[in-house]
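In my numbering, the protein residues as written are 1221 to 1518.
Glycine included, each C-beta is placed from N, C-alpha and C at the ideal position.
Accompanying notes for the structure given below.
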């Protein structure tokens, strides 16, 4: 046991160092270094990337180079605290999603804060959704996925579709979703020392950039406070060692209370969006994502 936790500790220190390179207070440099990581880690001959333009917004289709399922598609909302991240950075996840499910994945570059605060990201997510609907997909052919702030965006998109009385996606897959911008979860305190990736100061900067002057309990900003009646089946994955653990635990409880079909897996010793990392748990988690997606499409 001591050995495993020592190895895990070393891995977490490595993640911290890599993340330290990324957590650059200079936003432009931070964004560039994420793109560099994405193009290195997400680069594989087994995958095709096809750029498209959705009303002036960059987006890309990520597909496996083999016979694959055409009926269903995945719409992925990338993370990055609403201030950073891109389709390129998200290749660390979108290529794994495409490979594990054999489905096409669409990822889009929503406008980022602080240049474009709330509600820019939600408006852009709706543009991507409408693009799929106009391309001949039905709402029930789409699985919505998101990591971190992208999990927040996926949830707010479904809340928005629901508010407009539109048909909801077939299901939701959320990796370490950021659901509560009031930062009221217990894990902010209990996991502060353990989390190798996030800290409260970083999260406060992201909140300030994205939602300054807004009511942080607005469900489109903090989906945790939304009404989940009628929500599609949802699967949540979270790392045991992240300060956003409570954001997932409480979301899970709220979905259960609303009678939504929901599953959650907490990964021991793992960190925020560990699925991006080249570790065994990440591969297992991606297989579980695919399993869930097959189940709801079956």
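- DSSP places residue 1280 in the uninterrupted beta strand (DSSP E) bounded by 1277 to 1284.
- When 1455, 1428, 1512 are compared, the shortest CA-CA separation from residue 1336 is found for 1428.
- If you draw a straight line from the Cα of residue 1435 to the Cα of residue 1287, it comes to about 47 angstroms.
- When the five nearest sequence neighbours on each side are left out, the beta carbons in the same chain lying within less than 7 angstroms of the beta carbon of residue 1459 are those of 1396, 1487, 1490, 1491, 1492, 1494, in order along the chain.
- Judged by pairs of C-beta atoms under 8 angstroms, the region 1330 to 1347 does not touch the region 1478 to 1486, as fewer than three such pairs exist.
- If you draw a straight line from the Cα of residue 1304 to the Cα of residue 1426, it is about 9 angstroms long.
- Excluding residues up to 5 positions away in sequence, 1314, 1325, 1327, 1365 lie with their Cβ nearer than 6 angstroms to the Cβ of residue 1296 in the same chain.
- Secondary structure in the region 1387 to 1417: the alpha helix (DSSP H) runs of 4 residues or longer, each lying completely within the stretch, are 1407 to 1410 in chain order.
- With respect to residue 1317, residue 1474 sits apart: the two C-beta atoms are not nearer than 8 angstroms.
- A straight line joining the alpha-carbon of residue 1369 with that of residue 1301 spans about 5 angstroms.
- Put simply, of 1380, 1347, 1422 the residue whose alpha carbon is nearest the alpha carbon of residue 1277 is 1347.
- Residue 1443 and residue 1516 do not touch by the CB rule: their CB atoms are close to 20 angstroms apart, not below 8 angstroms.
- Residue 1426 sits in a helix when the DSSP states are folded into three classes.
- Residue 1505 and residue 1457 have their C-alpha atoms roughly 8 angstroms apart.
- The shortest C-alpha to C-alpha distance from residue 1439 to any of 1246, 1248, 1338 is the one to 1338.
- Around the C-beta of residue 1411, 16 or more other C-beta atoms lie within 10 Å, and the residue is accordingly described as buried.
- The closest CA to that of residue 1413, considering only 1461, 1272, 1291, is found on 1461.
- Going by C-alpha positions, residue 1380 is about 45 angstroms away from residue 1226.
- In the DSSP assignment, the residues bridged to residue 1327 are 1280, 1296.
- When rounded, the separation of the alpha-carbon atoms in residue 1406 and residue 1281 is 38 angstroms.
- Per DSSP, residue 1484 is one residue of the beta strand (DSSP E) stretching across 1482 to 1487.
- Straight across, the Cα-Cα distance linking residue 1382 with residue 1446 is about 11 angstroms.
- The C-beta separation of residue 1471 from residue 1399 comes to about 5 angstroms, placing the pair in contact by the 8 angstroms criterion.
- For residue 1321, the number of other beta carbons within 10 angstroms of its own is at least 16, and it is reported as buried.
- Counting only runs of 4 or more residues that sit fully inside the region 1330 to 1394, the alpha helix (DSSP H) segments are 1340 to 1354, 1369 to 1383, in chain order.
- In the DSSP assignment, residue 1304 is bridged to no other residue.
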